[in-house]
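In the numbering used here, the protein residues as written are 2 to 154. In what follows, a single structure is set out as structure tokens and then discussed.
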Amino acid sequence: MKSTEKRCTDHLTMLKINHRLTIPDSEIEISAIRARGAGGQNVNKVSSAVHLRFNVAASSLPEHYKRRLLALPDRRLSKRGVIVIKAQQHRSRDKNREEALLRLQQLISSALTYRKQRVATKPSRRSQQKRIESKIRHGRTKLLRRKISGRWE
């Protein structure tokens, strides 16, 4: 850890994912870093950006949640199974911390939702006929827009 970074774990409470699942603050590591970009006179003095790290494999999450999280195709998830979130949108470190925790909560809850399996259907005969008729109609309209070839020239 660099000398400019500070530990910010003293303000955390249990992160509630849903009504059954919470993550203790000891599993979430938050450190303050200097934000990039424009920021006025304080940009080089104040560490307002926040790095949040959450080790999925070492967490207290149930195994099936861990598997689903580790299978996510997300660039914030490292190969070692650590979720890294950087929040620097706000000028306040507290707001950036809240933003990072909210993003972690959304990422974990998105991994827990199951998508409904799509059932393949076949278009009806009438819908196929209507599609062909509309294509013919459209073709006729375009045919009328053409330049008339030199029959009368």
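Built from N, CA and C at the ideal position, the CB exists for glycine as well.
Span of the alpha helix (DSSP H) around residue i
i	result
His-65	64-71
Gln-129	126-146
Residues near residue i by beta carbon distance below 6 Å, same chain, minus five either side
i	result
Arg-104	Ile-86
Gly-140	none
Ala-88	Val-51, Asn-97, Glu-100 and Ala-101
Asn-56	Val-83
Leu-73	Ala-112
Glu-28	Ser-60
Ser-135	none
Other residues of its chain near residue i: CB distance less than 7 Å, five sequence neighbours each side excluded
i	result
Ile-18	Ile-24, Gln-106, Ile-109 and Ser-110
Tyr-115	none
Arg-76	none
Arg-132	none
Ser-79	Val-85
Per DSSP, the bridge partner or partners of residue i
i	result
Ile-24	Leu-16
Val-85	Arg-54
Leu-113	None, per the DSSP bridge assignment.
Leu-78	Ile-84
Residue i: first and last residue of the uninterrupted beta strand (DSSP E) it sits in
i	result
Ala-33	29-34
Cβ separation of residue i and residue j, assumed to be a contact under 8 Å, to the nearest whole Å
i	j	result
Leu-113	Tyr-66	6 Å
Ala-59	Ser-49	With a Cβ gap of about 28 Å, Ala-59 and Ser-49 do not count as contacting.
Arg-30	Arg-54	Note that residue 30 is Glu in the sequence shown, not Arg. The pair is a contact, with the Cβ atoms about 4 Å apart (cut-off 8 Å).
Ala-33	Arg-94	6 Å
Close beta carbons around residue i, own chain, < 8 Å, minus the five adjacent residues each side
i	result
Arg-138	none
Leu-71	Val-57, Ala-58, Leu-78 and Gly-82
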